[in-house]
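Engineer:
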Ligand SMILES: C[S@@+](CC[C@H](N)C(=O)[O-])C[C@H]1O[C@@H](n2cnc3c(N)ncnc32)[C@H](O)[C@@H]1O
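In this note's numbering, the protein residues as written are 184 to 374.
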């Protein structure tokens, strides 16, 4: 089922159930919160490319003390999230080299310590993976201490420039240290 299928909202609103498509990255996040990978227990979370907001909402509801914010490039998705009752601030911003200062300000404003990015960096870096190190340097300088990412599901003959999490990790450059990799989910910390 697609990430923005309206039935995800219906299930969350009627039974409090979150989309199963987010289980793998949420499990990875939980594991590293429990392990203390981000250092002192973090409370600020950013769901980057949050779309209609249900992964961030899950973090807000299920991680005690979590403060969540989001960033999403598509205005209609942000509106859908708000209309459905997703209860954290979402910035409508397309992340590009030119908007990195705005993203960094948002991270500082919300005291973000953990970046969560599911099926996101493959899109953000799709046209030019070479600015990945500048992205990583900006978000970590702004306060991010740990990133939990999930890449695209690999296919046999990929045509996408960033077809899996391995290419996302490589795009972030040598300043991002890989701590864990399971399936398409990875955890990185600043060197
Ligand atoms: C495959 S969807 C994943 C959505 C969400 N992370 C999830 O897993 O449910 C990718 C999302 O990234 C957003 N997006 C793509 N490029 C972006 C960019 N450069 N800046 C902000 N959002 C972007 C799209 O609008 C879309 O909502």
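For each residue, glycine too, the CB sits at the ideal point set by N, CA and C.
1) For residue 260, which of 187, 282, 335, 367 has the nearest alpha-carbon?
2) Going by beta-carbon coordinates alone, are residue 215 and residue 202 separated by less than 7 angstroms?
3) Who are the Cβ neighbours of residue 211 in its own chain at under 6 angstroms, not counting the five residues just before and after it?
4) Provide the residue span of the alpha helix (DSSP H) that contains residue 286, from first to last.
5) So who's on the other strand from residue 255, going by DSSP bridges?
6) What are the start and end residues of the alpha helix (DSSP H) that includes residue 209?
7) For residue 286, which residues from the same chain have a beta carbon less than 6 angstroms from its beta carbon, with the 5 sequence-adjacent residues on both sides left out?
8) Got a sec: does ligand 1 put a non-hydrogen atom nearer than 6 angstroms to the Cβ of residue 185?
9) Count the other C-beta atoms from every protein chain shown that fall within 10 angstroms of the C-beta of residue 323, then say buried if there are 16 or more, exposed otherwise.
10) Taking residue 372 as the reference, which of 296, 244, 329 has the closest Cα?
11) Look at the alpha carbon of residue 263 and the alpha carbon of residue 235, and state the distance between them as a whole number of angstroms.
12) With 16 other CB atoms within 10 Å as the buried threshold, where does residue 338 fall?
13) Near residue 345, which residues of its chain fall below 8 angstroms by C-beta distance, leaving aside the five closest residues on each side in sequence?
14) Is residue 385 a contact residue of ligand 1, with contact defined as CB to any heavy atom under 6 angstroms?
15) Please indicate yes or no: does the CB of residue 213 lie closer than 6 angstroms to some heavy atom of ligand 1?
Structural biologist: Let's see:
1) Locating residue 260 in the chain shown gives position 77, counting from the first residue. The option with the nearest alpha carbon to residue 260 is 187.
2) Taking the first residue of the chain shown as 1, we reach residue 215 at position 32. Taking the first residue of the chain shown as 1, we reach residue 202 at position 19. No, the Cβ-Cβ distance between residue 215 and residue 202 is not below 7 angstroms.
3) In the chain shown, the residue the question calls residue 211 occupies position 28. The answer, listed in chain order, is 331, 368.
4) Residue numbering aside, residue 286 sits at position 103 when the chain shown is read from its first letter. First-last of the alpha helix (DSSP H) with residue 286: 283–292.
5) As a position in the chain shown, residue 255 is number 72, starting the count at 1. BP columns for residue 255 point to 275.
6) Numbered from 1 along the chain shown, position 26 holds the residue referred to as residue 209. Here the alpha helix (DSSP H) through residue 209 covers 206–218.
7) The count along the chain shown starts at 1 and reaches residue 286 at position 103. Result list for residue 286: 278, in chain order.
8) As a position in the chain shown, residue 185 is number 2, starting the count at 1. Checking the Cβ of residue 185 against ligand 1 gives no.
9) Along the chain shown, read from residue 1 onward, the residue named residue 323 stands at position 140. Looking at its Cβ environment, which holds 16 or more other Cβ atoms inside 10 Å, residue 323 is buried.
10) Here residue 372 corresponds to residue number 189 of the chain shown, with the count starting at 1. Measuring from the Cα of residue 372, the nearest candidate turns out to be 329.
11) As a first step, residue 263 must be located in the chain shown, where it is residue number 80. As a first step, residue 235 must be located in the chain shown, where it is residue number 52. Straight-line Cα distance between these residues: approximately 6 angstroms.
12) Taking the first residue of the chain shown as position 1, residue 338 is located at position 155. Exposed: under 16 other Cβ atoms inside 10 Å.
13) Counting from 1 along the chain shown, the entry for residue 345 is found at position 162. Cβ within range, chain order: 304, 305, 308, 309, 312, 334, 335, 351, 354.
14) Outside the shown range of the chain (184 to 374) lies residue 385, about which nothing can therefore be said.
15) The residue labelled residue 213 in the question sits at position 30 within the chain shown. The answer is no for residue 213.
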